[in-house]
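Student: Would you mind keeping the following structure in view while I ask a few things?
Protein chains in written order, with the working numbering: chain R, 1 to 252; chain A, 253 to 367; chain X, 368 to 447.
Encoded structure:
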């Protein structure tokens, strides 16, 4: 189909979609009016029932815990897909940048950049750990903190060269943490089954509202999801970095 | 206000799809797709908003602060944003491998069969 | 007052979303996409969604620009 024909077809289809969207969206209640009954109920009940102050965390890891399990597995599948897609192909090889010109040394990174990278990386790790543990009290939790922890590794690449990054992020460790995170979620869910209740029910002691360790399995699930997301995003970045810095096509 | 709010959702989605259809560069196409995806997140949060509501975090406050916004929609949107980024990364990995094999990033120049 | 803030955020998001699509060069588009992500985070924050805004800031400032720029670097290196 030629480009003009494709554009004309798209114009007609987009007009139809716009009309349908307009009719559908007009049928929604007006912006800012009453909440659904389920939402009002959960806002009332989540704090007394689960002893947490952040209702969104309670919903993500307790009331709708099974949805989070599926989302986590989507993340795992996407990272596995990236690892498969970006593997070295049959006509490629891995060569470190140092191998291309072995007589010359790569100049070390300048001390100012190195210091900044060290400071930023430590700060990001600290912020990531703080966000994981405070997920039951304030907005935060495993998903956001996982990406922050992964970015602590990205900053190391920005401040130094590829060899240092290889040293700091061993592949088996990252893959193990990704798998352990995903598996840990299922194990904590099975604790509910072992205790005689349903899968993913909150069977550990609930604690006092307002403490860091409160809400039963919710901080445990936060930790496990944080480990998994951090491992996943670190693998993702290291695959792309490998492609850019290391993998080269052999001359035919 | 309703017209503006829901209109922006429909506009973002249609503009994203328009970018995908008329794109001449595969990386540009993937970023336009992520724009269309963010329209769904905005719609989820708009459904859950209540005028004069506060965030669903119930620390003990001295005076009663009023109603809270919908927390279920926020839980859905939160995982959606992070997983959407991972799927965008998967699409970009596909684009990188296509460039290696076909030598071009123009979707119109790609052929289905090998030369 | 909060309605005005939400209206401003909505207009910012719509305008920058259009700018992302109309920027054809992928390198420039990465910068405009960062601006779009900032607008989205501001919109989520003004609609009282703290968790989602934190996710959007973290993803839009760190993960997405990194993979787009690394893909561009790989593609340009192959072209030389």
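The beta carbon of each residue, even a glycine, is placed where N, CA and C say it ideally should be.
(1) Output the distance between the C-alpha atoms of residue 419 of chain X and residue 103 of chain R, rounded to the nearest integer angstrom.
(2) Rounded to the nearest angstrom, what separates residue 354 of chain A and residue 85 of chain R at their Cα positions?
(3) Mind checking whether residue 222 of chain R and residue 132 of chain R have CB atoms under 8 Å apart?
(4) Among residues of its own chain, excluding the 5 on either side of residue 63 of chain R, which ones have a beta-carbon nearer than 8 Å to its beta-carbon?
(5) Measuring straight from C-alpha to C-alpha, what distance separates residue 170 of chain R and residue 176 of chain R?
(6) Just tell me which of R:92, R:166, R:107 and R:119 has its CA closest to the CA of residue 352 of chain A.
(7) Run down chain A in chain order and give the residues with a C-beta less than 8 Å from the C-beta of residue 393 of chain X.
(8) Enumerate, from N- to C-terminal direction, the unbroken alpha helix (DSSP H) stretches of 4 or more residues contained entirely within the stretch 161–247 of chain R.
(9) Can you find the residues in the same chain that come closer than 8 Å, C-beta to C-beta, to residue 204 of chain R, ignoring five residues on each side of it along the sequence?
(10) Would you please verify whether the beta carbon of residue 241 of chain R is less than 8 Å from any beta carbon of chain X?
(11) With 9 Å as the C-beta to C-beta threshold (strictly closer), list the residues of the stretch 132–144 of chain R near chain A in chain order.
(12) For residue 375 of chain X, decide whether its Cβ has a neighbour in chain R, counting only Cβ atoms nearer than 8 Å.
(13) Between the stretch 254–261 of chain A and the stretch 332–352 of chain A, are three or more C-beta pairs nearer than 8 Å?
(14) Could you tell me the alpha carbon to alpha carbon distance between residue 105 of chain R and residue 440 of chain X, rounded to whole angstroms?
(15) Run down chain A in chain order and give the residues with a C-beta less than 8 Å from the C-beta of residue 86 of chain R.
(16) Mind checking if residue 399 of chain X is an interface residue toward chain R, Cβ cutoff 8 Å exclusive?
(17) Taking only runs of the alpha helix (DSSP H) that begin and end inside the stretch 84–156 of chain R, which ones reach a length of at least 4 residues, in chain order?
(18) Kindly give me the distance between the Cβ atoms of residue 360 of chain A and residue 3 of chain R, rounded to whole angstroms, as I take these residues to be in contact under 8 Å.
(19) Can you grab the Cα-Cα spacing for the pair residue 304 of chain A / residue 201 of chain R, in whole Å?
(20) Closer than 7 Å, Cβ to Cβ, to anything on chain R: give me those residues from the stretch 407–433 of chain X, in chain order.
(21) For residue 15 of chain R, name the three-state secondary structure that DSSP assigns.
(22) Do the stretch 291–306 of chain A and the stretch 429–440 of chain X make contact, defined as three or more Cβ pairs closer than 8 Å?
(23) Excluding sequence positions up to five away, which residues of its chain have a Cβ less than 6 Å from the Cβ of residue 294 of chain A?
(24) Determine whether the beta carbon atoms of residue 189 of chain R and residue 51 of chain R lie at a separation below 8 Å.
(25) Quick one: what does DSSP say residue 309 of chain A is sitting in, helix, strand or coil?
(26) What are the residues in the stretch 52–75 of chain R lying within 9 Å of chain X by C-beta distance?
(27) Closer than 8 Å, Cβ to Cβ, to anything on chain X: give me those residues from the stretch 196–221 of chain R, in chain order.
(28) With a cut-off of 8 Å on the beta carbons, I'd call residue 268 of chain A and residue 287 of chain A a contact; round off their distance for me.
(29) Name the chain X residues whose beta carbon is nearer than 7 Å to that of residue 326 of chain A?
(30) So, does the CB of residue 270 of chain A fall closer than 8 Å to a CB anywhere in chain X?
(31) May I have a chain-ordered list of the alpha helix (DSSP H) segments no shorter than 4 residues that lie completely inside the stretch 273–353 of chain A?
(32) If you measure from the beta carbon of residue 168 of chain R to each beta carbon in chain X, is any gap under 8 Å?
(33) Report the CB separation of residue 55 of chain R from residue 323 of chain A in whole angstroms; it is logged as a contact under 8 Å.
(34) Buried or exposed, going by whether 16 or more other CB atoms sit within 10 Å of the CB of residue 20 of chain R?
(35) So what's residue 360 of chain A in DSSP terms, helix, strand or just coil?
(36) Looking at the structure shown, is residue 81 of chain R part of a helix, part of a strand, or coil, going by DSSP?
Tutor: Quick answer:
(1) Locating residue 419 of chain X in the third chain gives position 52, where the first residue counts as 1. Locating residue 103 of chain R in the first chain gives position 103, where the first residue counts as 1. Near 51 Å, if we compare the C-alpha coordinates of residue 103 of chain R and residue 419 of chain X.
(2) Walking along the second chain from the start, residue 354 of chain A turns up at place 102. Walking along the first chain from the start, residue 85 of chain R turns up at place 85. About 15 Å.
(3) The sequence position of residue 222 of chain R within the first chain is 222, counting from 1. The sequence position of residue 132 of chain R within the first chain is 132, counting from 1. In this structure, residue 132 of chain R lies closer than 8 Å to residue 222 of chain R by Cβ.
(4) Position 63 of the first chain, counting from 1, holds the residue named residue 63 of chain R. Once the five neighbours on either side are set aside, the close Cβ partners of residue 63 of chain R are 42 and 46.
(5) Within the first chain, residue 170 of chain R is the residue found at index 170, counting from 1. Within the first chain, residue 176 of chain R is the residue found at index 176, counting from 1. Cα to Cα, residue 170 of chain R sits roughly 10 Å from residue 176 of chain R.
(6) Position 100 of the second chain, counted from the start, is the residue given in the question as residue 352 of chain A. It is R:92.
(7) Numbered from 1 along the third chain, position 26 holds the residue referred to as residue 393 of chain X. The contacting residues are 277, 279, 280 and 283.
(8) 162–168, 171–194 and 218–245
(9) The residue you call residue 204 of chain R lines up with position 204 of the first chain. For residue 204 of chain R, where only same-chain residues beyond five positions count, the Cβ hits under 8 Å are 191, 216, 217 and 220.
(10) Residue numbering aside, residue 241 of chain R sits at position 241 when the first chain is read from its first letter. Answer yes: the Cβ-Cβ gap between residue 241 of chain R and chain X drops below 8 Å somewhere.
(11) 137, 138, 139, 141, 143 and 144
(12) Here the question's residue 375 of chain X lines up with position 8 in the third chain. So, not an interface residue.
(13) no
(14) Sequence index remark: in the first chain, residue 105 of chain R carries index 105 (1-based). Sequence index remark: in the third chain, residue 440 of chain X carries index 73 (1-based). Computed Cα separation, rounded: 23 Å.
(15) Residue 86 of chain R sits at position 86 when you count from the first residue of the first chain. Result: 345, 348 and 349.
(16) Position 32 of the third chain holds residue 399 of chain X. It does not; no Cβ of chain R falls within 8 Å.
(17) 97–100 and 111–133
(18) Numbered from 1 along the second chain, position 108 holds the residue referred to as residue 360 of chain A. Numbered from 1 along the first chain, position 3 holds the residue referred to as residue 3 of chain R. Confirmed, about 7 Å.
(19) Residue numbering aside, residue 304 of chain A sits at position 52 when the second chain is read from its first letter. Residue numbering aside, residue 201 of chain R sits at position 201 when the first chain is read from its first letter. Roughly 34 Å separates the two Cα atoms.
(20) 417, 418, 421, 422, 425, 426, 429, 430 and 433
(21) Start at 1 with the first residue of the first chain, and residue 15 of chain R comes out as number 15. Correct three-state label for residue 15 of chain R: helix.
(22) no
(23) For the purposes of this step, residue 294 of chain A is identified with residue 42 of the second chain, where counting begins at 1. Closer than 6 Å at Cβ, skipping near neighbours: 261.
(24) Stepping through the first chain from its first residue, residue 189 of chain R is reached at position 189. Stepping through the first chain from its first residue, residue 51 of chain R is reached at position 51. No. Outside cutoff.
(25) Counting from 1 along the second chain, the entry for residue 309 of chain A is found at position 57. Reduced to three states, the DSSP call for residue 309 of chain A is strand.
(26) 54, 56, 57 and 60
(27) none
(28) As a position in the second chain, residue 268 of chain A is number 16, starting the count at 1. As a position in the second chain, residue 287 of chain A is number 35, starting the count at 1. Confirmed, Cβ separation roughly 4 Å.
(29) Counted from its first residue, the second chain places residue 326 of chain A at position 74. Neighbours of residue 326 of chain A on chain X, chain order: 416, 418 and 419.
(30) Mapped onto the second chain, residue 270 of chain A falls at position 18. So, interface residue.
(31) 278–299
(32) For the purposes of this step, residue 168 of chain R is identified with residue 168 of the first chain, where counting begins at 1. Not one chain X Cβ lies under 8 Å of residue 168 of chain R.
(33) Locating residue 55 of chain R in the first chain gives position 55, where the first residue counts as 1. Locating residue 323 of chain A in the second chain gives position 71, where the first residue counts as 1. At roughly 4 Å, the Cβ-Cβ gap stays under 8 Å, so residue 55 of chain R and residue 323 of chain A are in contact.
(34) Working through the first chain from its first residue, we reach residue 20 of chain R at position 20. It counts as exposed.
(35) Working through the second chain from its first residue, we reach residue 360 of chain A at position 108. In the structure shown, residue 360 of chain A sits in a helix (DSSP, three-state: H, G or I).
(36) Numbered from its first residue, the first chain carries residue 81 of chain R at position 81. Helix at residue 81 of chain R.
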